[in-house]
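Position one of the sequence shown corresponds to residue 1 (the UniProt record's numbering), numbered consecutively onward. Glycine included, each C-beta is placed from N, C-alpha and C at the ideal position.
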Amino acid sequence: MHHDVIVIGGSYAGMAAALQLVRARRSVLVIDAGERRNRFASHSHGFLGQDGVPPGEIAANARRQLEAYPTISWLEGRAEAVTGQVDEFTVTTSDGVSHQGRRILLATGVADQLPAVQGLGERWGTAIFHCPYCHGYELRQGHIGIVGAGPMSIHQAELLTDWGDVTLLVNGAVELSLEARSTLERRGVTIEEAPIDRIEGHADVVMADGHLLRFTGLFTATRTSPSNSLAEALGCALEETPMGIQVRTDAESKTSVTGAFACGDVARAPHSVSLAVGNGAMAGAQVHRSLLWPETIAPVQSEGRAR
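Here it is as structure tokens:
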């Protein structure tokens with residue numbers, strides 16, 4: 001079957017885009033590997049109408065609503081390659097089957113590169129977070145630690161003072177200028193210079209000198225990159241942001257490859273479920289417009305590609 005649009009990634013942005021397209025009675029194939037970025041979190045917050053709902057429940061309900069439309073097809077699997085050109089794209093999945101589509105929408109999400117601190121990965125999404133708007137309120141103005149990861153940790157420490165008593169754990173990863181140090185101190189942030197040995201318990205940090213710091217929760221500013229190499233292999237330009245690498249898109253979600261679009265965390269920062277859904281909905285509408293008016297499909301410029 002030749003689809004109007006193949007959406008690669010069936011999380012929040014991909015499903016929001018697909019909804020616009022099936023409501024326009026376009027044939028859509030969603031290919032989903034089932035690896036939502038927030039799959040480690042027990043509840044999703046800050047998403048209007050779904051505040052406090054488990055993320056898996058939000059995703060499952062959205063999929064049920066999508067599958068009520070007759071022009072949707074859903075494939076649980078992994079896209080391994082995307083080739084071709086506008087109106088004649090081919091997506092090959094891990095089972096070796098090829099699928100054809102006129103447009104490609106990359107909603108593949110991102111991978112978080114976590115600081116190399118023992119015990120951090122096991123607590124990611126349960127006691128250690130990246131978004132204060134998603135998880136700050138539930139810490140009930142307790143003691144919050146920031147695991148240093150780079151320049152964004154300074155901004156994160158300043159921001160989180162509205163959610164609790166903040167300690168910045170520099171851990172050799174953050175360079176503090178006199179101005180930055182002064183700003184943090186004015187905001188009431190405690191600066192801990194000693195290296196971290198490990199994280200244990202709920203969110204207890206054991207420092208290299210042996211002393212223990214107990215926190216209600218921890219935050220860290222991860223660096224992100226596309227969760228797979230499909231966009232780059234297709235020829236889509238990438239760009240560097242303060243949060244990491246993403247696919248370069250314009251206001252219409254077009255990439256540098258004619259007929260290929262991108263949305264959600266892989267194409268926009270900052271990241272949250274709400275922002276992914278909004279961006280996905282807009283991307284779906286723009287993909288539909290490109291099918292109606294092919295003359296508007298000129299791609300975004302690819303100069304300045306970052307790696």
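Open item on the list: If distances are taken between C-alpha atoms only, which option among 294, 302, 125 comes closest to residue 328?
Closed with: Residue 328 lies beyond the range of the chain shown here (1 to 307); nothing can be said about it.
Open item on the list: Let's see if you can read the secondary structure: which residues bound the alpha helix (DSSP H) around residue 58?
Closed with: What you label residue 58 is simply residue 58 of the sequence shown in a count that begins at 1. Segment 55-66, the alpha helix (DSSP H) holding residue 58.
- [ ] Could you tell me the boundaries of the alpha helix (DSSP H) in which residue 292 lies?
- [x] Sequence index remark: in the sequence shown, residue 292 carries index 292 (1-based). Per DSSP, residue 292 belongs to the alpha helix (DSSP H) from 273-292.
Open item on the list: I need the DSSP call for residue 166, collapsed to helix, strand or coil.
Closed with: Looking up residue 166 in the sequence shown gives position 166. Correct three-state label for residue 166: strand.
TODO: Select from 17, 114, 295, 42 the residue whose C-alpha is nearest the C-alpha of residue 63.
DONE: The residue labelled residue 63 in the question sits at position 63 within the sequence shown. Nearest of 17, 114, 295, 42 to residue 63, Cα basis: 17.
Open item on the list: Taking its Cβ as the centre, do 16 or more other Cβ atoms sit within 10 Å of residue 334, making it buried, or is it exposed?
Closed with: Residue coverage of the chain in this structure runs from 1 to 307, which leaves residue 334 outside it and unanswerable.
TODO: For residue 111, collect the residues of the same chain with a Cβ closer than 7 Å to its Cβ; drop the 5 residues on either side in sequence, then sort them by chain order.
DONE: Within the sequence shown, numbered from 1, the residue matching residue 111 stands at position 111. The answer, listed in chain order, is 224, 225, 227.
Task: Nonlocal neighbours in the same chain, by C-beta distance under 6 Å from residue 198, ignoring five residues either side - done: Here residue 198 corresponds to residue number 198 of the sequence shown, with the count starting at 1. Excluding positions up to five away in sequence, the list reads 118, 119, 206.
Open item on the list: According to DSSP, simplified to helix, strand and coil, what is residue 216?
Closed with: Locating residue 216 in the sequence shown gives position 216, counting from the first residue. Coil, per DSSP.
Open item on the list: Within the continuous beta strand (DSSP E) that includes residue 191, where are the two ends?
Closed with: Here residue 191 refers to the residue found at position 191 when the sequence shown is read from its first residue. Taken as a continuous stretch (DSSP letters only), the beta strand (DSSP E) holding residue 191 covers 190-192.
- [ ] Assign residue 19 to one of two classes, buried (16 or more other C-beta atoms within 10 Å of its C-beta) or exposed (fewer than that).
- [x] Your numbering for residue 19 matches position 19 in the sequence shown. It is buried - the Cβ of residue 19 has at least 16 other Cβ atoms within 10 Å.
Task: Residue interval of the beta strand (DSSP E) (run including residue 226) - done: Looking up residue 226 in the sequence shown gives position 226. From DSSP, the beta strand (DSSP E) with residue 226 extends over 223-226.
TODO: Tell me whether residue 305 sits in a helix, a strand or coil according to DSSP, three-state version.
DONE: Reading the sequence shown from its first residue, position 305 is the one you call residue 305. Unreliable positioning characterises residue 305 in this predicted model, as indicated by a pLDDT of 43, which lies under 50. A coordinate reading is not provided.
Open item on the list: Using 8 Å as the threshold, is the C-beta distance between residue 101 and residue 218 below it?
Closed with: Along the sequence shown, one-based indexing puts residue 101 at 101. Along the sequence shown, one-based indexing puts residue 218 at 218. Contact: no.
Open item on the list: Taking its Cβ as the centre, do 16 or more other Cβ atoms sit within 10 Å of residue 152, making it buried, or is it exposed?
Closed with: Sequence index remark: in the sequence shown, residue 152 carries index 152 (1-based). Under this definition residue 152 is a buried residue.
- [ ] Take every Cβ of the segment 289-299, pair it with every Cβ of the segment 30-39, and state whether three or more of those distances are shorter than 8 Å.
- [x] no
TODO: Within 10 angstroms of the Cβ of residue 41, are there 16 or more other Cβ atoms? Answer buried if so, exposed if not.
DONE: Locating residue 41 in the sequence shown gives position 41, counting from the first residue. Residue 41 should be labelled buried.
TODO: Compute the beta-carbon to beta-carbon distance between residue 256 and residue 248, rounded to the nearest angstrom, for a pair I have assumed lies under 8 Å.
DONE: Counted from its first residue, the sequence shown places residue 256 at position 256. Counted from its first residue, the sequence shown places residue 248 at position 248. Correct: roughly 6 Å between the Cβ atoms.
Open item on the list: According to DSSP, is residue 255 part of a helix, a strand, or is it coil?
Closed with: As a working note, residue 255 is residue 255 in the sequence shown. Three-state result, residue 255: coil.
- [ ] Using three-state DSSP, classify residue 240 as helix, strand or coil.
- [x] The residue given as residue 240 occupies position 240 in the sequence shown. It is a strand residue.
Open item on the list: With the cut-off set at 8 Å, would you say residue 236 and residue 107 are in Cβ contact?
Closed with: In the sequence shown, the residue the question calls residue 236 occupies position 236. In the sequence shown, the residue the question calls residue 107 occupies position 107. Not in contact: residue 236 and residue 107 (Cβ atoms no closer than 8 Å).
Task: Contiguous beta strand (DSSP E) assignments of at least 3 residues, all confined to the segment 103-140 - done: 110-113
Task: Between the CA atoms of residue 241 and residue 304 - distance to the nearest angstrom - done: Along the sequence shown, one-based indexing puts residue 304 at 304. Along the sequence shown, one-based indexing puts residue 241 at 241. Unreliable positioning characterises residue 304 in this predicted model, as indicated by a pLDDT of 48, which lies under 50. The coordinate reading is nonetheless provided below. Near 12 Å, if we compare the C-alpha coordinates of residue 241 and residue 304.
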